[in-house]
Amino acid sequence: MLFKCIELIKINPALILMLNQFASCCCWLSDNQNSHFIIISFTLGDLRIEKAVTEIWYSVLLSQETYECLRTSLEELTSFTTAQNLQSKTAGLISVDEMQFKQLQDVWKTWLGLRVQGTKWIQKQREKTINSNMENVARNSGYINNVPAEHAIAVKKWIDDGVFKRTQAPMIAENPTLTGVDMAARYAPYSYSVLPELFPFSGWDYLQVKKFKSSNCLVTMYGDYIECILRKFMNILSKQQVSFQIVLCDCMDIQQHPEVNTVYDRILTSNLIDYVFLPNLLKLCSQILNHDNNYATIITETMVWARDIIPEGDILFAFNRLQVPKLAKIAFEDTKRSSFANDGGTSVMEYLDNSCEFFSYIRAMFSAYRLKKARESGSTNQKPTIPVIKEVGNEFQLHLRDGIRNENRIVFFRPAINRRRVTIVTGNERYLEWVPLQKK
């Protein structure tokens with residue numbers, strides 16, 4: 001789970017997970033709120049979590065063994081009177097502010113108090129959410145049709161019943177950790193809170209999963225793969241190679257929480273730059289990056305830059321639409337599936353060259369930052385120039401690796417779409433790696 005912590009933790013408004021002397025991760029997952037609980041359960045030494053975790057993460061129904069594991073863990077967590085109790089119980093692996101710990105306990109107590117054995121209210125709410133509008137229905141149908149044919153039955157079954165099951169054990173309870181409440185209605189009753197467009201198979205790289213194990217049943221493939229990751233994570237925990245600081249705060253206020261002078265070799269920011277001005281985020285992250293390590297890296301991700309900000313980079317832009325027939329031909333030659341080639345959208349995005357628009361967007365943000373800085377300083381000198389792409393980040397002592405030339409070392413600059421139909425890649429994802437600027 002350590003390797004997926006950027007995608008698998010959720011607490012609103014944001015959860016900052018600090019891996020001391022290793023990495024800082026900003027984590028925001030909108031499909032459930034239970035992964036912080038699972039991390040803590042691991043550190044408490046409950047080995048059954050390794051088998052139960054995929055059910056707790058992804059299944060609306062739980063087996064007897066998994067439910068008892070969940071209930072026991074929740075009872076133990078809610079029995080702690082202070083955050084210090086938790087830190088002591090986990091041998092110092094987890095620390096959390098006292099007030100924020102009480103907030104987490106409120107969630108755990110609510111889950112523990114929900115009536116879920118032999119009930120169907122969560123399942124009914126899930127069904128209502130999925131079928132709430134035609135857009136959801138069409139999206140799910142498209143997903144089933146676009147995954148490799150051998151996986152279609154497994155995908156349809158999960159969409160229909162929401163059960164992530166790999167054993168013959170009967171399912172005896174609904175999953176309370178898939179419920180929550182909107183921050184604006186904090187004291188409202190908990191209800192099913194997973195967004196309808198999210199799937200358990202989209203949170204992991206399909207190519208990596210398939211390399212580990214190939215099966216027609218995605219639940220089997222992903223379940224075994226996740227267990228392997230969890231075993232590696234358990235091994236790291238057993239050697240006390242990592243510690244966690246759980247922080248509930250605005251990511252831009254994170255500096256007040258770690259110990260003074262703490263620096264990190266990896267800072268993972270999810271897609272915060274879709275919501276936070278990139279130069280401001282880099283300025284903050286650079287201050288806590290280990291600049292003595294030439295391989296220390298800040299990873300930033302954007303998912304909606306073309307859809308919401310730079311329409312010229314999207315396939316729906318008028319000029320780009322003219323290229324669709326040519327791109328569709330390339331898509332068919334590549335995939336040999338006419339349904340991919342003729343969808344006119346996601347499948348052909350892989351072949352659209354919008355790198356110029358993307359890097360113009362990045363440069364424009366740094367130009368705006370320099371203009372704002374000049375105005376705030378009252379400078380009347382010559383207007384700041386628009387930086388070339390090789391210069392962006394330099395003012396924060398950072399260098400941007402050239403993703404176009406495959407310089408990224410941790411994550412692909414632009415993930416391929418048609419090889420990852422199960423993962424659901426839109427074609428707009430871009431991953432930027434920022435490393436310490438080398439002194440000349």
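Residue numbers (UniProt numbering): 1 to 440. Quick reminder that beta carbons are idealized off the backbone N, C-alpha and C, glycines included. Here the structure is a predicted model, which is why all the values come from computation and not from measurement.
- Below 8 Å, enough C-beta pairs join the stretch 348-359 and the stretch 308-319 to call them touching: three or more.
- CA-to-CA, the gap between serine 286 and leucine 272 works out to about 15 Å.
- Residue burial is scored here from C-beta neighbours: valine 260 has fewer than 16 other C-beta atoms within 10 angstroms and is therefore classed as exposed.
- Leaving aside the five residues that flank alanine 152 on each side, the residues in its chain whose CB is nearer than 7 Å to its CB run, in chain order, Ile144.
- Our two residues, isoleucine 299 and isoleucine 130, have alpha carbons roughly 33 Å apart in a direct line.
- Phenylalanine 212 is a Cβ neighbour of methionine 221, given a cutoff of 9 Å.
- Closest option to lysine 239, judged by alpha-carbon separation, among Gly92, Ala318, Arg139 and Glu68: Gly92.
- For glutamate 174, there is no enclosing alpha helix (DSSP H); the residue is part of the beta strand (DSSP E) that begins and ends at 171-174.
- Per DSSP, phenylalanine 244 is one residue of the beta strand (DSSP E) stretching across 244-248.
- In this structure, serine 63 lies near methionine 171, with their beta-carbon atoms less than 9 Å apart.
- Between asparagine 406 and threonine 335, the beta carbon gap of about 23 Å keeps them out of contact (Cβ cut-off 8 Å).
- Our two residues, lysine 372 and asparagine 216, have alpha carbons roughly 55 Å apart in a direct line.
- Note on the stretch 382-426: whole beta strand (DSSP E) runs with a minimum of 3 residues are 398-400, in chain order.
- By a beta-carbon distance limit of 8 Å, valine 116 contacts alanine 173. Their separation comes to about 5 Å.
- If you look at proline 279, you'll find it in the alpha helix (DSSP H) that goes 278-287.
- Residue environment: proline 325 is assigned as exposed (fewer than 16 neighbouring CB atoms within 10 Å of its CB, all protein chains considered).
- Using a Cβ distance threshold of 9 Å, phenylalanine 80 and lysine 89 count as a contacting pair.
- Scanning the stretch 256-327 for uninterrupted alpha helix (DSSP H) segments of 4 residues or longer gives 278-287 and 318-321, listed from N- to C-terminal end.
- Residue state for glutamine 168 is assigned as coil, using DSSP reduced to three classes.
- Counting C-beta pairs with one atom in each stretch, the stretch 192-206 and the stretch 116-127 have three or more that are closer than 8 Å, which means they touch.
- When secondary structure is reduced to three states using DSSP, glutamate 433 falls in the strand class.
- Here the C-alpha atom of glycine 203 lies approximately 33 Å from the C-alpha atom of asparagine 85.
- For tyrosine 206 and isoleucine 246, the gap between their C-alpha atoms comes out near 29 Å.
- Straight-line measurement puts the Cα of threonine 302 at about 8 Å from the Cα of asparagine 428.
- Leucine 114: not part of any alpha helix (DSSP H); DSSP gives it neither H nor E.
- Its Cα nearest to that of leucine 61, the residue Asp161 stands out among Asp161, Leu198 and Asn342.
- Restricting attention to Glu75, Gln87, Val107 and Pro436, the CA atom closest to the CA of histidine 291 is found in Pro436.
- Pairing isoleucine 362 with tyrosine 369, the inter-Cα distance amounts to about 11 Å.
- Relative to isoleucine 94, the option among Glu150, Asp106, Leu77 and Val388 whose CA is nearest is Leu77.
- Between glycine 403 and glutamate 433, the gap from beta carbon to beta carbon is short of 9 Å.
- Selection Cys228, Asn408 and Leu198 evaluated against valine 209 yields Cys228 as nearest (Cα-Cα).
- Bounds of the beta strand (DSSP E) holding leucine 61 are 61-63.
- At a Cβ-Cβ threshold of 9 Å, arginine 421 and valine 147 count as neighbours.
- In the DSSP assignment, valine 96 falls within the unbroken beta strand (DSSP E) covering 94-96.
- For arginine 307, the closest C-alpha among the options Thr426, Leu289 and Val163 is that of Thr426.
- Pairing asparagine 133 with leucine 198, the inter-Cα distance amounts to about 15 Å.
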